[in-house]
Amino acid sequence: MTVSRAPRWMCSYSPEVRTVPAGRWWNAVRVPVSLGALALEALGDESGAVIKDGYGGIMYWLVPPGDASAWRLPDVQVLGRGSHVAVPPLRRTAGPGLYWRVPLTHDTYWTNTDRLRTALTDAAAAAAL
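Residues 1 to 129, numbered by UniProt numbering, are exactly what the sequence shown covers, in order.
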């Protein structure tokens with residue numbers, strides 16, 4: 001994995017999972033893996049960093065702070081100020097457990113909020129069929 005430098009909120013040398021407050025550097029969009037896998041496929045190369053909890057069946061997209069906070073989508077929870085997210089070590093890119101499903105590869109690690117919403121909406125519609 002090539003990372004020019006770790007973002008300020010990321011401890012690049014720690015081998016441990018850290019709890020990071022949401023809402024300051026990013027908001028996290030939390031979805032079940034069943035929905036997230038479809039959305040990730042739809043986003044393709046347009047996805048920013050994604051955390052996957054291999055044990056809990058959850059995926060988290062990072063979006064700009066404050067974004068998506070008004071979303072009301074089924075099975076989607078937006079974590080902003082007052083929430084915390086477990087973040088895997090920078091180099092953990094495979095399970096089991098918590099890992100970067102889409103690793104941090106540059107300083108812009110956010111996913112475009114509008115594209116993510118479209119991908120999640122389409123994924124939910126496809127899953128309902």
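Where a beta carbon is used, it is the ideal one built from N, C-alpha and C, also for glycine.
Being a predicted model, the structure only gives us computed values, none of them experimental.
(1) For Trp71, which residues from the same chain have a beta carbon less than 7 Å from its beta carbon, with the 5 sequence-adjacent residues on both sides left out?
(2) Span of the alpha helix (DSSP H) holding Leu129?
(3) One question on the structure: do Leu120 and Ala39 come within less than 8 Å of each other, judged by their Cβ atoms?
(4) When you compare each of Arg81, Pro65, Leu129, Val85 to Val31 by their alpha carbons, which one comes out closest?
(5) Please confirm whether Ser34 and Ala127 have their CB atoms less than 8 Å apart.
(6) What separation, rounded to the nearest whole angstrom, lies between the Cα atoms of Gly54 and Gly66?
(7) Please classify Met1 as buried or exposed, where buried requires at least 16 neighbouring CB atoms within 10 angstroms.
(8) Could you tell me which residues DSSP pairs with Asn27 in its beta bridges?
(9) For Ala124 and Arg92, what's the separation of their Cα atoms in angstroms?
On the basis of the supplied data:
(1) As a first step, residue 71 is located in the sequence shown; it is residue number 71 there, counting from the start. Taken in chain order, the residues that qualify are Val78, Arg117.
(2) Residue 129 sits at position 129 when you count from the first residue of the sequence shown. Judged by DSSP secondary structure, Leu129 falls outside any alpha helix (DSSP H); it is assigned neither H nor E.
(3) For the purposes of this step, residue 120 is taken as the residue at position 120 of the sequence shown. For the purposes of this step, residue 39 is taken as the residue at position 39 of the sequence shown. Yes; because the gap between Cβ atoms is below 8 Å, this pair is in contact.
(4) What you label residue 31 is simply residue 31 of the sequence shown in a count that begins at 1. The shortest C-alpha separation from Val31 is found at Val85.
(5) The count along the sequence shown starts at 1 and reaches residue 34 at position 34. The count along the sequence shown starts at 1 and reaches residue 127 at position 127. Against a cut-off of 8 Å, the Cβ pair of Ala127 and Ser34 comes out as a contact.
(6) Translated into the one-based positions of the sequence shown, residue 54 becomes position 54. Translated into the one-based positions of the sequence shown, residue 66 becomes position 66. Cα-Cα distance, rounded: 27 Å.
(7) On the sequence shown, position 1 is the one that residue 1 refers to. Low confidence applies to Met1: its pLDDT is 38, below 50, so where it sits in the model is not reliable enough to give any reading.
(8) Position 27 of the sequence shown, counted from the start, is the residue given in the question as residue 27. Partner(s): Val63.
(9) Here the question's residue 124 lines up with position 124 in the sequence shown. Here the question's residue 92 lines up with position 92 in the sequence shown. Straight-line Cα distance between these residues: approximately 29 Å.
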